[in-house]
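First up is the structure itself, then whatever we jot down about it.
2 protein chains.
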Amino acid sequence: MSDKPGFLARRFQQIAVAVFHAEVAAAGFDLTPVQYSALTALRAHPGVDQATLAGLIAFDRTTMGGVVDRLAQRGLLTRKPHPTDRRARTLEITAAGADLLDRVEPAVQRAQEIMVSGLDAAEAAEFLRLLRKAVEGCNALSRAPLTPA
Amino acid sequence: MSDKPGFLARRFQQIAVAVFHAEVAAAGFDLTPVQYSALTALRAHPGVDQATLAGLIAFDRTTMGGVVDRLAQRGLLTRKPHPTDRRARTLEITAAGADLLDRVEPAVQRAQEIMVSGLDAAEAAEFLRLLRKAVEGCNALSRAPLTPA
DNA sequence: GGGTGATTGACAGCATACTGATAATCAGTA
DNA sequence: TACTGATTATCAGTATGCTGTCAATCACCC
Numbered sequence: 118m119s120d121k122p123g124f125l126a127r128r129f130q131q132i133a134v135a136v137f138h139a140e141v142a143a144a145g146f147d148l149t150p151v152q153y154s155a156l157t158a159l160r161a162h163p164g165v166d167q168a169t170l171a172g173l174i175a176f177d178r179t180t181m182g183g184v185v186d187r188l189a190q191r192g193l194l195t196r197k198p199h200p201t202d203r204r205a206r207t208l209e210i211t212a213a214g215a216d217l218l219d220r221v222e223p224a225v226q227r228a229q230e231i232m233v234s235g236l237d238a239a240e241a242a243e244f245l246r247l248l249r250k251a252v253e254g255c256n257a258l259s260r261a262p263l264t265p266a
Numbered sequence: 118m119s120d121k122p123g124f125l126a127r128r129f130q131q132i133a134v135a136v137f138h139a140e141v142a143a144a145g146f147d148l149t150p151v152q153y154s155a156l157t158a159l160r161a162h163p164g165v166d167q168a169t170l171a172g173l174i175a176f177d178r179t180t181m182g183g184v185v186d187r188l189a190q191r192g193l194l195t196r197k198p199h200p201t202d203r204r205a206r207t208l209e210i211t212a213a214g215a216d217l218l219d220r221v222e223p224a225v226q227r228a229q230e231i232m233v234s235g236l237d238a239a240e241a242a243e244f245l246r247l248l249r250k251a252v253e254g255c256n257a258l259s260r261a262p263l264t265p266a
């Protein structure tokens with residue numbers, strides 16, 4: 118089983134989420150990896166609509182609805198009607214959201230290091246390169262491909 | 118964002134599941150990656166209980182309940198009372214389950230290759246080695262660590 | 001032989017993810 | 001301008017995964 122990339126993909130994701138949760142909770146915060154990604158992308162691209170934000174981090178449009186709901190409910194972002202397109206809603210990170218991102222950053226960084234702590238520095242760098250390359254090569258194969266700005 | 122192992126982990130898992138689904142569906146079957154793993158492990162270890170099966174493939178005990186329910190409902194495995202431990206249920210793969218595994222195997226193999234099609238053969242081998250090493254190094258960090266027989 | 005701690009399977013509840021469908025709207029064309 | 005096709009957000013439904021909790025049961029130790 119452990120020689121199948123698909124099985125290891127699931128396992129690595131499982132570990133990544135657990136480590137993220139553990140570090141972020143230990144630092145006193147309550148934020149999922151998905152919520153962190155969404156807020157980070159929103160800070161870099163203020164004013165986008167939900168579909169565009171989803172494309173920036175390869176989320177499914179449907180999933181993004183729920184994520185945005187929960188973040189808005191906690192006051193970490195705002196959702197206002199788009200000035201010209203009446204279908205869309207414009208998203209903006211709030212001061213509370215940006216502040217939370219700043220304060221949680223050290224925990225997130227620690228989590229990223231722990232995930233690859235089984236590898237030495239050279240291996241970790243090579244692993245990251247190959248993982249990025251594999252993901253980019255298959256970008257179009259998921260329902261929600263990455264769509265840069 | 119693409120330099121964070123956590124983000125790439127989620128993305129690679131997302132792609133892996135999509136590719137698995139696409140190949141398996143194209144071959145005319147209806148089986149999720151998780152169901153495939155469970156059936157495969159059960160065939161290799163007939164008669165185990167749910168908790169043991171979960172440990173063999175690093176599933177959460179709670180998740181395994183639902184997976185087993187759906188597989189039993191489709192007649193791919195059976196769930197009988199354990200002969201000595203009245204808490205446990207003994208799981209067995211059925212002939213239909215084993216037959217399905219055999220017939221779906223080529224599609225699963227194709228999916229595994231597609232997932233790493235962005236890498237050449239040497240890179241894919243090294244990627245698999247590093248991924249396996251990273252996962253093993255962090256095995257204890259998830260709620261559901263891998264527990265070999 | 002009785003009490004204690006661990007284990008098994010289940011439950012409710014939350015958060016991703018996907019499929020397929022829909023209504024509202026927009027944009028470009030006939 | 002009317003029509004067509006694409007796009008935005010949402011909905012119902014299914015399947016993972018996790019947290020925490022619970023009752024039933026087991027295994028071990030005093």
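These protein sequence lines map, in sequence, to chains A and B.
For the first sequence, our numbering assigns the number 118 to the initial residue and increments by one for each residue that follows.
For the second sequence, our numbering assigns the number 118 to the initial residue and increments by one for each residue that follows.
All C-beta atoms in this analysis are idealised placements derived from N, C-alpha and C, irrespective of residue type, glycine included.
Is it buried or exposed, residue i, if we count other Cβ atoms within 10 angstroms and call 16 or more buried?
i: residue 127 of chain B; result: buried
i: residue 140 of chain B; result: buried
i: residue 145 of chain B; result: exposed
i: residue 164 of chain A; result: exposed
i: residue 122 of chain A; result: buried
i: residue 271 of chain A; result: This structure cannot settle anything about residue 271 of chain A, because the visible part of chain A is limited to 118 through 266.
i: residue 200 of chain B; result: exposed
i: residue 270 of chain A; result: Since the first residue of chain A shown is 118 and the last is 266, residue 270 of chain A is not available in this structure.
i: residue 192 of chain B; result: exposed
i: residue 167 of chain A; result: buried
i: residue 223 of chain B; result: exposed
i: residue 265 of chain A; result: exposed
i: residue 198 of chain B; result: exposed
i: residue 190 of chain B; result: exposed
i: residue 142 of chain A; result: exposed
i: residue 135 of chain B; result: buried
i: residue 238 of chain B; result: exposed
i: residue 161 of chain A; result: exposed
i: residue 242 of chain A; result: exposed
Could you tell me which residues DSSP puts in a beta bridge with residue i?
i: residue 206 of chain B; result: B/198
When DSSP labels each residue in this structure, what does residue i get in the three-state scheme?
i: residue 121 of chain A; result: coil
i: residue 127 of chain A; result: helix
i: residue 173 of chain B; result: helix
i: residue 233 of chain B; result: coil
i: residue 149 of chain A; result: coil
i: residue 179 of chain A; result: helix
i: residue 162 of chain B; result: coil
i: residue 254 of chain B; result: helix
i: residue 220 of chain A; result: helix
i: residue 214 of chain B; result: helix
i: residue 139 of chain B; result: helix
i: residue 191 of chain A; result: coil
i: residue 247 of chain A; result: helix
**Request:** May I ask you to verify whether the stretch 210-228 of chain A touches the stretch 148-161 of chain A, counting CB pairs closer than 8 Å and requiring at least 3?
**Result:** yes
**Asked** When Cβ atoms are compared, which residues of the stretch 227-239 of chain B fall closer than 8 Å to chain A?
**Response** 228, 229, 231, 232, 233, 234, 235 and 236
**Prompt:** Three or more beta-carbon pairs under 8 Å between the stretch 227-237 of chain A and the stretch 250-262 of chain B, yes or no?
**Reply:** yes
**Request:** Anything in the stretch 120-134 of chain A with a Cβ closer than 9 Å to a Cβ of chain B? List those residues in chain order, please.
**Result:** 120, 121, 122, 123, 124, 125, 126, 127, 128, 129, 130, 131, 132, 133 and 134
**Message:** Using a Cβ-Cβ cutoff of 8 Å, what residues of the stretch 183-211 of chain B are near chain A? List them in chain order.
**Reply:** none
**Request:** May I ask you to list, following chain order, the residues of the stretch 139-173 of chain A that have a beta carbon less than 9 Å from some beta carbon of chain B?
**Result:** 139, 150, 151, 153, 154, 157, 158, 161 and 173
**Message:** Closer than 7 Å between beta carbons: that is the criterion. Which residues of the stretch 238-260 of chain B meet it against chain A?
**Reply:** 240, 243, 244, 245, 247, 248, 249, 250, 251, 252, 253, 254, 255, 258, 259 and 260
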